[in-house]
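Engineer: Residue numbers (numbering that gives the first Met the number 0), protein chains in the order written: chain A, 0 to 290; chain B, 0 to 209.
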Amino acid sequence: MKAQFDQTLLSSFYLWFENYLVKDKAQAYSADNSNTFKYIDFPDVPSSHHGYQGQFKQFVAEHSVDTPNSGFFSDGGFVTGDYDNNGSVFTDYDNGRLIFPSASGTGLTLTANSTIKEINTYISYDGDLETILHSDFKDSSSSFPYQYDKTSELDEQFYFLPACFLSLASSDNKEFSFGGEENTESRVRVMILSSDNYALDAAISLFRDSAREVFNNIPYEDFPYGPFFSIKDFPYEYSTLSDSMTSPEKTHIQKVTASKVVSEQLRENLNKGISIGFIDFDLCTYRFPRL
Amino acid sequence: MAKKGFISASQFKVKVNAKQLLKELTVNNDRAMGRALRNYIKPKFRRKQDRLVKNFKTDLITIELKAGPSASNTSGTLGGYGNLFSFIGFNQGSDPTSLIETIFEQKFDFKVRRINAAGKYKITFYIPSIEEIYALTPMPWASGSSWVDGIEKGISNVGSFLYSSSGFGSSRAGTGLQAKNKSSGVSFKNTSYVTRLLTNFKKTLVNFTK
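1) Report the three-state DSSP secondary structure of residue 287 (chain A) (helix, strand or coil).
2) My understanding is that residue 283 (chain A) touches residue 180 (chain A), with C-beta atoms under 8 Å, so please give their C-beta distance in whole angstroms.
3) Out of curiosity, what's the CA-to-CA distance linking residue 24 (chain A) and residue 157 (chain B)?
4) Give me the Cβ distance between residue 55 (chain A) and residue 34 (chain A), rounded to the nearest whole Å; I'm assuming they're in contact under 8 Å.
5) If I follow the unbroken beta strand (DSSP E) through residue 108 (chain B), where does it start and stop?
6) Which residue wins for smallest C-alpha separation from residue 91 (chain A), given the options A:108, A:63 and A:49?
7) Curious, which full-length alpha helix (DSSP H) runs of at least 4 residues does the stretch 19-99 of chain B contain?
8) With 16 other CB atoms within 10 Å as the buried threshold, where does residue 57 (chain A) fall?
9) Around the Cβ of residue 63 (chain B), are there at least 16 other Cβ atoms within 10 angstroms (buried) or fewer (exposed)?
10) Residue 96 (chain B) to residue 118 (chain A), Cα distance in whole Å?
11) The stretch 125-145 of chain B: which residues have C-beta closer than 8 Å to a C-beta of chain A, in chain order?
12) Given a threshold of 16 other Cβ atoms within 10 Å of its Cβ, counted over all protein chains shown, does residue 178 (chain A) qualify as buried or as exposed?
13) Determine whether the beta carbon atoms of residue 144 (chain B) and residue 258 (chain A) lie at a separation below 7 Å.
14) Going by alpha carbons, who is nearest to residue 81 (chain A) out of A:199, A:192, A:45 and A:223?
15) To the nearest angstrom, report how far apart residue 199 (chain A) and residue 189 (chain A) are at their CA atoms.
16) Sorted by chain position, which residues of the same chain lie with C-beta nearer than 7 Å to residue 232 (chain A)'s C-beta, five sequence neighbours on each side aside?
17) Between A:95, A:69, A:120 and A:255, which has its C-alpha nearest residue 235 (chain A)'s C-alpha?
18) Does the distance from the C-beta atom of residue 260 (chain A) to that of residue 141 (chain B) stay below 7 Å?
19) Does the beta-carbon of residue 106 (chain A) have 16 or more other beta-carbons within 10 angstroms, so that it is buried, or is it exposed?
20) Taking Cβ-Cβ distances below 9 Å as the criterion, which residues of the stretch 62-81 of chain A are in contact with chain B?
21) What residue range does the beta strand (DSSP E) around residue 254 (chain A) cover?
22) Suppose contacts are defined by Cβ-Cβ distances below 7 Å. Is residue 252 (chain A) in contact with residue 227 (chain A) by that definition?
23) If you check the beta carbons only, do residue 151 (chain B) and residue 120 (chain B) fall under 7 Å apart?
24) Name the two residues that bound the continuous beta strand (DSSP E) containing residue 50 (chain A).
25) Does the Cβ of residue 0 (chain A) have 16 or more other Cβ atoms within 10 Å, making it buried, or fewer, making it exposed?
26) Given that a residue counts as buried once 16 or more other Cβ atoms are within 10 Å of its Cβ, and exposed if not, what is residue 136 (chain B)?
27) At a CB-CB cut-off below 8 Å, which residues of chain A make contact with residue 85 (chain B)?
28) For a contact defined as C-beta to C-beta under 8 Å, what are the partners of residue 260 (chain A) on chain B?
29) Going along the stretch 158-179 of chain A in order, which residues come within less than 7 Å of chain B, judged by CB to CB distance?
30) Residue range of the beta strand (DSSP E) that residue 121 (chain A) falls in?
31) Starting from residue 181 (chain A), trace the beta strand (DSSP E) both ways and give me its first and last residue.
32) Between residue 257 (chain A) and chain B, is the shortest Cβ-Cβ distance under 7 Å, so that the two count as touching?
33) If the criterion is Cβ atoms closer than 7 Å, does the pair residue 207 (chain B) and residue 51 (chain B) meet it?
34) Between the beta-carbon of residue 214 (chain A) and the beta-carbon of residue 285 (chain A), is there less than 7 Å?
35) Would you list, in chain order, the members of the stretch 38-66 of chain B that have their beta-carbon closer than 7 Å to a beta-carbon of chain A?
36) Mark residue 205 (chain B) as exposed unless 16 or more other C-beta atoms lie within 10 angstroms of its C-beta, in which case mark it buried.
This is the structure we're talking about:
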């Protein structure tokens with residue numbers, strides 16, 4: 000089935016949101032982190048490939064940051080992060096992995112100076128708190144805030160905190176003008192989990208102030224991330240991609256409502272030490288849904 | 000032969016300039032006209048407001064919330080599982096809908112004002128906005144968000160964890176959490192609630208002939 004408006008909207012919002020966190024105003028990333036990779040037999044990597052897990056979770060894919068992720072080192076030699084020019088090695092920006100063709104073997108010595116997100120971002124299609132809360136977390140209060148501490152952890156499913164989980168909460172079409180134009184009103188909910196109140200407050204403040212911004216809807220097929228959340232067209236810059244759209248459909252951020260969980264009982268029941276915030280984005284897109 | 004009277008007169012006729020008379024009664028007597036309009040509108044307006052209160056009280060969402068934590072999901076917003084009161088996470092014994100009911104019963108007012116020399120009147124109705132309702136209906140466990148807004152535009156199921164007696168066990172990593180007991184995976188279906196009632200109420204204010 001072809002992708003529909005809601006999918007385009009959520010993925011476009013994700014790209015805008017992710018970029019908003021690393022832009023000059025926020026700079027929620029950490030550059031030049033010494034990283035080493037280890038072979039793991041991942042269940043989601045097919046037998047045609049081998050996966051190597053780094054010590055960090057989410058890499059910054061945006062190339063306009065101060066020190067972008069340009070590649071990695073294999074046995075000390077630099078290898079570009081460009082899939083088309085590095086022997087078909089995928090860089091998994093979402094999970095901090097390198098995915099090699101299986102012919103490369105499992106004994107490679109891989110390192111990198113990684114630029115990583117300070118606030119991780121995830122699309123949560125089901126918007127399901129349960130799924131997220133049933134997962135494990137690593138948080139910034141640990142000795143190595145963004146790293147896996149132990150080798151045994153590498154094959155486990157973790158979310159690294161602080162983390163934002165984006166989901167489409169609701170949408171509705173309202174008649175807008177003659178000729179079939181409608182205002183599609185959508186609410187995207189972002190749930191932020193953090194053990195660090197500074198990061199939580201900063202993210203809430205940052206995005207509360209984004210009301211009345213506008214972003215381009217990027218067609219689903221132009222989503223910059225491809226297999227294993229690698230970059231399809233390296234290097235990737237959000238502004239370049241967004242500006243390259245011809246007559247793009249635009250979405251207006253009409254209202255942003257931020258809230259924090261204040262119930263101590265609830266926080267205790269959920270988990271000790273994790274703060275939760277919600278940012279609701281009320282979006283308007285004027286479109287012709289029946290054309 | 001009958002004699003004509005000494006004095007004769009043609010048949011008495013009075014010509015009424017209806018337009019002028021109406022002007023005398025309305026334009027030149029605006030206080031009386033304003034009073035008459037108010038007296039005409041007030042009971043009808045009250046009846047419409049009473050109907051709004053009744054519609055609110057009989058709305059499926061209100062009924063379910065009023066029934067408290069032991070209610071069944073008659074509104075269908077949870078697919079028949081659980082109930083809204085617990086899903087949102089209200090305190091047992093509280094009645095979250097009573098505040099809205101009070102607002103609907105007390106707050107409404109209107110003013111009649113002449114706006115030009117031709118006798119045109121403007122009637123202004125003061126009714127609570129949906130934003131006011133949102134501001135007065137905070138989520139029981141969070142600051143800055145409204146449960147009415149949540150019902151209308153989607154609500155997180157975080158409140159359903161509020162009274163989870165067993166809570167969550169420690170994670171494999173020891174630094175996070177991992178649920179030991181997964182719940183039913185109930186998802187919420189948003190629906191128009193107070194906004195719908197207010198919108199329908201406003202529509203009734205354009206016609207006071209009934």
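A virtual CB, placed ideally from N, CA and C, is assigned to each residue, including glycine.
Structural biologist: Taking the definition as stated:
1) coil
2) The pair is not a contact, with the Cβ atoms about 12 Å apart (cut-off 8 Å).
3) Going from the Cα of residue 24 (chain A) to the Cα of residue 157 (chain B) covers about 31 Å.
4) 6 Å
5) Its beta strand (DSSP E) spans residues 108-113.
6) A:49
7) DSSP runs (the alpha helix (DSSP H)) wholly in the stretch 19-99 of chain B: 29-57, 59-65 and 83-87.
8) Answer is buried; the Cβ neighbour count reaches 16.
9) buried
10) 38 Å
11) Listed in sequence order: 138, 139, 140, 141, 142, 143 and 144.
12) exposed
13) yes
14) A:223
15) 12 Å
16) The answer, listed in chain order, is 223.
17) A:69
18) yes
19) exposed
20) none
21) 249-260
22) no
23) no
24) 48-52
25) exposed
26) buried
27) What residue 85 (chain B) touches in chain A: nothing, since even the nearest Cβ is about 13 Å away.
28) 140, 141 and 157
29) 168 and 169
30) 119-122
31) 180-193
32) yes
33) no
34) no
35) none
36) exposed
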